[in-house]
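K.L.:
Here it is, the structure in full.
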Amino acid sequence: MLIAGLVAFWNWDWFIPLVDSRVSAVIGRSVHMGHLHLSLGRITRVTADDITIDNPPGWAGRPFATVERLSIEINIFDYIRNRQLVVPLIDVQTARANLVQTPDGRNNYELKLAGGSSGSSSPRIGDLRIKDSHIQAELAKLKSNLGIDIETQGEGDQAQIVADAHGTYAAAPIQAHMTGGALLSLRDKNRPWPIQLQLRNGQTTLSVAGTLQEPLQLKGANIKLEVAGQDMAQLT
């Protein structure tokens, strides 16, 4: 009877203050969520709804980020057996990020992350999915105000990241469309990362197609690059 009562009335939302506090301590920002759900099993699914990440203290305006729904799958058995955190899936739905830099160089997007345990290993992440997400970047020093729509398509090795940008860069109109390989393969030096990019900034156009061996360092490029326009300085 007691167990039946617990099952009937149990509410994972009771743990929201604890989770908010722990996450806030890790990223150095106040974090709030509306609802928390757990689906227990060998692969346990944790889902948080209506997440808000605040700006730095004293920073006015829209919050730094919001996420309508974030789901994370965790392989509990692997953690128990090997003390290895295996995350088969991270699913992000309807995320919004507002990146702002003021004329004096202050910004709201540099996070002061808490240091982790030196003996802990990095989690193994299987798949990252992003749907209906948007970044708004207002960067005074670059004279830029960009809106970027982001989502992933496909799953696993066939996954792609697709981004469309529009707004201004260097005080000139800009439009761009990019298709890249899976986000999680960015750090895999053994797998060339495919990229296709079409960009127009003012009267200048740029087209890129090919692969990067180390995309985060822009190394090992095997690409076809086409640039045309009246002023190459618009792309610097």
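Mapping the sequence shown onto numbering that gives the first Met the number 0, position 198 (from 1) lands on 197, and the numbers just tick up by one.
Glycine included, each C-beta is placed from N, C-alpha and C at the ideal position.
1. Does the distance from the C-beta atom of Val66 to that of Val91 stay below 8 Å?
2. When the Cα atoms are used, what is the spatial distance from Val30 to Thr178?
3. Measuring only the C-alpha atoms, how far is Ile79 from Leu112?
4. Considering only their Cβ atoms, is the gap separating Lys218 from Ala208 smaller than 8 Å?
5. Less than 8 Å separating the beta-carbons of Trp58 and Asn10?
6. So, for Ile124: in the same chain, excluding its five sequence neighbours on each side, which residues have a beta-carbon less than 7 Å away from its beta-carbon?
7. When DSSP builds the beta bridges, which residues end up paired with Lys111?
8. For my contact list, Ile129 and Ala96 are in at a C-beta cut-off of 8 Å; report their separation, rounded to the angstrom.
9. Below 8 Å on the Cβ atoms is my contact criterion, and I expect Leu35 with Ala47 to pass it. Report the Cβ-Cβ distance as a whole number of Å.
10. On the premise that Leu211 lies in contact with Trp192, defined as a C-beta separation below 8 Å, what is that separation, rounded to the nearest angstrom?
11. Applying the criterion that 16 or more other CB atoms from any shown protein chain within 10 Å of the CB defines a buried residue, is Pro122 buried or exposed?
12. In the structure shown, what three-state DSSP assignment does Asp19 receive?
13. Going by C-alpha to C-alpha distance, which of Val226, Thr101, Asn54, Gly60 sits closest to Lys140?
14. Looking at the strands, I want to know which residues DSSP matches up with Gly180.
15. Helix, strand or coil for Asp156? Go by DSSP, reduced to three states.
16. Would Phe76 be called buried (16 or more neighbouring beta carbons within 10 Å of its own) or exposed?
17. Given this structure, state the Cα-to-Cα distance separating Pro16 from Leu196, to the nearest angstrom.
P.N.:
Answer, in terms of the structure:
1. yes
2. 31 Å
3. 27 Å
4. no
5. no
6. Val86, Ile89, Leu183
7. The partner list for Lys111 (beta bridge, DSSP) is empty, contrary to what the question assumes.
8. With a Cβ gap of about 11 Å, Ile129 and Ala96 do not count as contacting.
9. 6 Å
10. 5 Å
11. exposed
12. helix
13. Thr101
14. For Gly180, which the question treats as bridged, DSSP gives no partner whatsoever.
15. helix
16. exposed
17. 43 Å
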